[in-house]
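Trainee: Pasting in a structure now, in structure tokens, and then I'll have a few things to ask.
Structure below.
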């Protein structure tokens with residue numbers, strides 16, 4: 033008895049509200065980007081795939097500064113000094129982010145200069161410098177400049193009548209120091225037009241020779257400033273606040289409000305400046321004074337700026353031996369050779385695992401619905417669709433064929449707002465009923481409902497997924513798709529669409545878990561269920577596969593599960609605020625992050641449930657935004673063969 037009492041006393045001393053039990057969100061994300069960077073260093077990856085990984089780390093970092101760092105800067109400017117779950121103030125976070133990012137940038141350029149560029153040269157892919165241009169190449173470049181580039185480029189002077197221009201964020205600019213005939217110093221800028229590729233393919237004796245567009249402008253800089261001496265010309269890049277400020281309560285038309293806010297993204301306040309390491313003091317001081325940035329947000333770059341443009345090299349044609357071996361998604365055995373997709377789903381539920389199985393089946397489902405005279409209505413949510421989309425084409429075709437088509441288009445999907453607004457307009461023009469979601473919430477659930485008239489009456493077919501209705505990313509992202517026509521699922525999905533499109537209170541859900549009304553509570557109940565099983569002498573086991581784990585209440589529950597003896601296996605690709613290996617708290621928890629050829633995007637939840645496992649797929653990660661500020665769905669998978677298949681998927685990790 034004394035031993036039990038002592039153990040209880042020790043347990044009481046563990047305060048799970050203590051900051052020491054949680055990782056900071058931003059630093060955890062940077063750790064994830066370091067893992068992506070490791071793939072660029074990994075020589076077991078094909079060379080152009082390594083180039084692609086390096087490019088991805090750069091575009092990831094740019095978005096991180098545009099959104100997350102910009103948000104922290106706003107908090108700092110507003111005087112906010114509260115702490116996050118790890119006990120860090122905005123100022124603390126910004127300092128640590130800067131330290132970690134400077135290290136990351138150093139490693140990025142070490143990878144570029146000492147690993148990738150030399151390896152590319154061995155494969156006869158060379159980025160040619162200005163001093164390496166011979167007469168043949170110069171003649172080609174002069175002609176290209178005069179006929180294609182010079183008419184488009186606009187130099188921008190800075191003087192009393194022309195103040196420092198608001199240069200668009202994320203683009204490459206050339207800063208120019210000039211001297212007039214009186215010997216006075218002047219400054220000007222040349223923004224690189226984004227309509228041109230970053231790398232110009234130039235004549236080459238053997239292999240591929242590439243030349244930077246900014247170097248082309250440097251070569252011909254005197255033509256932009258006739259009568260002035262070009263003292264120095266050097267590149268720089270500004271990263272600006274990219275988060276949209278939208279007042280949904282006061283917005284009379286959400287589309288117009290977002291379109292207006294999109295313009296601000298290009299001109300938001302600066303949060304990061306990259307400059308060439310060789311930039312002279314005059315030009316450097318002029319820039320720093322104009323942009324008013326702290327020194328910790330300035331990065332001196334030793335090579336080309338904006339490594340995201342390396343994607344142009346990664347996608348070079350004719351170098352397939354330097355890329356991953358081509359893989360074609362396979363047809364699902366359930367659908368293969370079957371003309372009537374509805375009959376397949378009537379016979380049994382179907383699960384797809386993309387990109388290993390083909391997203392074509394999802395598109396076929398919608399295409400067949402658009403053409404089938406028995407289909408009465410189609411309802412679908414769209415979050416990220418892409419710039420071109422067969423999905424949109426089929427929805428338009430369905431409307432033209434007289435079906436009742438309702439589409440919930442999430443026009444607030446970050447960095448896809450412009451695409452989604454355009455698609456919303458196209459769909460409306462075709463006669464679809466378009467809804468933009470709910471005020472204050474993003475619709476992130478992936479749902480497709482087909483209403484069909486059959487011999488026995490009306491039947492509803494449902495597709496639900498962890499991934500977007502985007503046929504491009506469907507080849508690159510790992511996700512799970514689920515098809516069913518069981519009435520219990522269909523009733524819930526219909527009820528959810530009624531909430532999204534009309535005035536309807538949430539029902540008692542028969543199958544689905546739905547955020548923001550009940551999803552967190554559902555997860556907590558299943559975790560508690562595993563704890564109870566262990567306390568009663570049984571075995572408890574939880575497996576969770578998500579993109580991010582940040583919600584404190586869920587993390588606390590997982591800590592308690594570990595402390596009770598439940599085995600917890602977490603597969604978290606990105607942000608993870610939970611700490612492993614803490615004695616007496618998280619010794620029973622393992623966390624793995626998988627980064628590789630495909631982006632791990634599926635969310636799968638497994639609970640042992642006393643030997644009768646419960647499995648779910650979901651659109652939701654375990655973050656406050658998913659559980660509180662988004663419409664998300666949790667889908668139980670109950671058909672035994674599909675449950676076993678999901679378990680097999682989880683066992684791969």
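Residue numbers (our numbering): 33 to 685. Even for Gly, the Cβ is constructed at its ideal location relative to N, Cα and C.
#1: Please classify residue 138 as buried or exposed, where buried requires at least 16 other C-beta atoms within 10 Å of its C-beta.
#2: Alpha carbon to alpha carbon, what distance is there between residue 161 and residue 248?
#3: From residue 633 to residue 652, what does the alpha carbon distance come to, in whole angstroms?
#4: Report the partner residues of residue 272 according to the DSSP bridge assignment.
#5: Where does residue 447 sit, in a helix, a strand or coil, going by DSSP?
#6: At which residues does the alpha helix (DSSP H) containing residue 526 begin and terminate?
#7: Let's test the definition: count the other Cβ atoms within 10 Å of the Cβ of residue 302 and tell me whether it reaches 16, buried, or not, exposed.
#8: Thinking just about the alpha-carbon of each residue, which of 415, 465, 198, 475 is nearest to the one in residue 501?
#9: Using CA coordinates, which residue listed in 81, 86, 678 is at the minimum distance from residue 384?
#10: Using three-state DSSP, classify residue 326 as helix, strand or coil.
#11: Please check the pair residue 393 and residue 374, which I expect to be a contact at CB under 8 Å, by giving their CB distance rounded to whole angstroms.
#12: Mapping DSSP to helix, strand and coil, what is residue 363?
#13: Could you spell out the range, first to last residue, of the beta strand (DSSP E) harbouring residue 240?
#14: If you run the structure through DSSP and keep just helix, strand and coil, what is residue 55?
#15: In chain order, what residues of the same chain lie with their CB nearer than 7 Å to the CB of residue 335, ignoring the 5 residues before and after it?
#16: On a Cα-Cα basis, can you pick out the residue from 107, 56, 64 that is closest to residue 116?
#17: In angstroms with no decimal places, state the Cα-to-Cα distance between residue 671 and residue 53.
#18: Put residue 143 into one of helix, strand or coil per three-state DSSP.
#19: Please state if the CB of residue 239 and the CB of residue 156 are separated by a distance shorter than 7 Å.
#20: In chain order, which continuous runs of the alpha helix (DSSP H) of length 4 or greater are located wholly inside the stretch 381-439?
#21: What would DSSP say about residue 85, mapped onto helix, strand or coil?
#22: Which whole-angstrom value is the C-beta distance of residue 328 and residue 99, which I expect to be below 8 Å?
#23: Among 602, 390, 180, which one has its Cα closest to the Cα of residue 582?
#24: Checking 7 Å against the spacing of the C-beta atoms, do residue 270 and residue 337 come in under that value?
#25: The alpha helix (DSSP H) spanning residue 559 covers which residue range?
#26: Determine the burial state of residue 1: buried for a count of at least 16 other Cβ atoms within 10 Å of its Cβ, exposed for fewer.
#27: Are the beta-carbon atoms belonging to residue 452 and residue 443 less than 7 Å from one another?
#28: If you draw a straight line from the C-alpha of residue 594 to the C-alpha of residue 628, how long is it?
#29: Cα separation between residue 330 and residue 173?
#30: What residues are listed by DSSP as bridge partners for residue 188?
#31: By Cβ distance below 7 Å, which residues in the same chain neighbour residue 598 in space, the five residues on each side in sequence not counted?
#32: What residue does the alpha helix (DSSP H) around residue 680 start on, and which one ends it?
#33: Kindly identify the DSSP beta-bridge partner or partners of residue 491.
#34: Going by DSSP, what residue range makes up the beta strand (DSSP E) through residue 462?
#35: Per DSSP, what kind of secondary structure is residue 267 in: helix, strand or coil?
#36: Do residue 104 and residue 125 have their beta-carbon atoms positioned less than 7 Å apart in this structure?
Mentor: By the coordinates alone:
#1: Mapped onto the chain shown, residue 138 falls at position 106. By the beta-carbon neighbour count (other beta carbons within 10 angstroms, threshold 16), residue 138 is exposed.
#2: Numbered from 1 along the chain shown, position 216 holds the residue referred to as residue 248. Numbered from 1 along the chain shown, position 129 holds the residue referred to as residue 161. The straight-line gap from Cα to Cα measures roughly 10 Å.
#3: Within the chain shown, residue 633 is the residue found at index 601, counting from 1. Within the chain shown, residue 652 is the residue found at index 620, counting from 1. Taking the straight line joining both Cα atoms gives about 10 Å.
#4: Locating residue 272 in the chain shown gives position 240, where the first residue counts as 1. 302, per the DSSP bridge assignment.
#5: Along the chain shown, read from residue 1 onward, the residue named residue 447 stands at position 415. Residue 447 carries a coil assignment under DSSP once its states are collapsed to helix, strand and coil.
#6: Mapped onto the chain shown, residue 526 falls at position 494. Counting along the chain, the alpha helix (DSSP H) containing residue 526 begins and ends at 519-533.
#7: Mapped onto the chain shown, residue 302 falls at position 270. Buried.
#8: Start at 1 with the first residue of the chain shown, and residue 501 comes out as number 469. Checking every option, the nearest Cα to that of residue 501 belongs to 415.
#9: Counting from 1 along the chain shown, the entry for residue 384 is found at position 352. It is 678.
#10: If you number the chain shown from 1, residue 326 lands on position 294. Three-state DSSP puts residue 326 in coil, outside helix and strand.
#11: Indexing the chain shown from 1 puts residue 393 at position 361. Indexing the chain shown from 1 puts residue 374 at position 342. The beta-carbon distance between residue 393 and residue 374, rounded to whole angstroms, is 13 Å. This is too long to meet the 8 Å contact definition.
#12: In the chain shown, residue 363 corresponds to position 331, counting from 1. Of the three classes helix, strand and coil, the one that applies to residue 363 here is coil, per DSSP.
#13: For the purposes of this step, residue 240 is taken as the residue at position 208 of the chain shown. Residue 240: member of the beta strand (DSSP E) spanning 240-244, first to last residue.
#14: To locate residue 55, count along the chain shown from 1; it is residue 23. In the structure shown, residue 55 sits in coil (DSSP, three-state: anything other than H, G, I, E or B).
#15: Locating residue 335 in the chain shown gives position 303, counting from the first residue. The beta carbon of residue 335 sits closer than 7 Å to those of 141, 144, 145, all from its chain and outside the five residues before and after it, given in chain order.
#16: Mapped onto the chain shown, residue 116 falls at position 84. Residue 116 has its Cα closest to that of 56, out of 107, 56, 64.
#17: Start at 1 with the first residue of the chain shown, and residue 671 comes out as number 639. Start at 1 with the first residue of the chain shown, and residue 53 comes out as number 21. One alpha carbon belongs to residue 671, the other to residue 53, and they sit about 38 Å apart.
#18: Counting from 1 along the chain shown, the entry for residue 143 is found at position 111. Residue 143: helix per DSSP, three-state reduction.
#19: Position 124 of the chain shown, counted from the first residue, corresponds to residue 156. Position 207 of the chain shown, counted from the first residue, corresponds to residue 239. Cβ atoms of residue 156 and residue 239: closer than 7 Å.
#20: Within the stretch 381-439, the complete alpha helix (DSSP H) runs of at least 4 residues are 392-403, 422-432.
#21: Residue numbering aside, residue 85 sits at position 53 when the chain shown is read from its first letter. Helix at residue 85.
#22: By 1-based counting over the chain shown, the position of residue 328 is 296. By 1-based counting over the chain shown, the position of residue 99 is 67. The C-beta distance from residue 328 to residue 99 rounds to 18 Å, too long to meet the 8 Å contact threshold.
#23: One-based indexing of the chain shown puts residue 582 at position 550. Distances from the alpha-carbon of residue 582 to those of 602, 390, 180 put 602 closest.
#24: On the chain shown, residue 270 is found 238 positions in, with the first residue counted as 1. On the chain shown, residue 337 is found 305 positions in, with the first residue counted as 1. No, they are not a contact pair.
#25: As a working note, residue 559 is residue 527 in the chain shown. Counted as a single uninterrupted DSSP element, the alpha helix (DSSP H) harbouring residue 559 occupies residues 551-567.
#26: In the structure displayed, the chain extends from 33 to 685; residue 1 sits before or after that span and is not available.
#27: Residue mapping note: residue 452 aligns to position 420 of the chain shown, counting from 1. Residue mapping note: residue 443 aligns to position 411 of the chain shown, counting from 1. If you check the CB distance, residue 452 and residue 443 come in under 7 Å.
#28: Against the chain shown, residue 594 aligns to sequence position 562. Against the chain shown, residue 628 aligns to sequence position 596. Answer to the nearest angstrom: the Cα atoms are 29 Å apart.
#29: One-based indexing of the chain shown puts residue 330 at position 298. One-based indexing of the chain shown puts residue 173 at position 141. One C-alpha to the other measures close to 32 Å.
#30: Working through the chain shown from its first residue, we reach residue 188 at position 156. The partner list for residue 188 (beta bridge, DSSP) reads 221.
#31: In the chain shown, counting from the first residue as 1, residue 598 sits at position 566. Excluding positions up to five away in sequence, the list reads 562, 563, 566, 572, 573, 574, 620.
#32: Numbered from 1 along the chain shown, position 648 holds the residue referred to as residue 680. 672-683 is the span of the alpha helix (DSSP H), which, as asked, contains residue 680.
#33: Counted from its first residue, the chain shown places residue 491 at position 459. According to DSSP, residue 491 bridges with 484.
#34: The residue you call residue 462 lines up with position 430 of the chain shown. Neither: residue 462 is in no beta strand (DSSP E) and is coded neither H nor E.
#35: Within the chain shown, numbered from 1, the residue matching residue 267 stands at position 235. Strand at residue 267.
#36: Along the chain shown, read from residue 1 onward, the residue named residue 125 stands at position 93. Along the chain shown, read from residue 1 onward, the residue named residue 104 stands at position 72. Residue 104 sits close to residue 125, with the two beta carbons spaced by under 7 Å.
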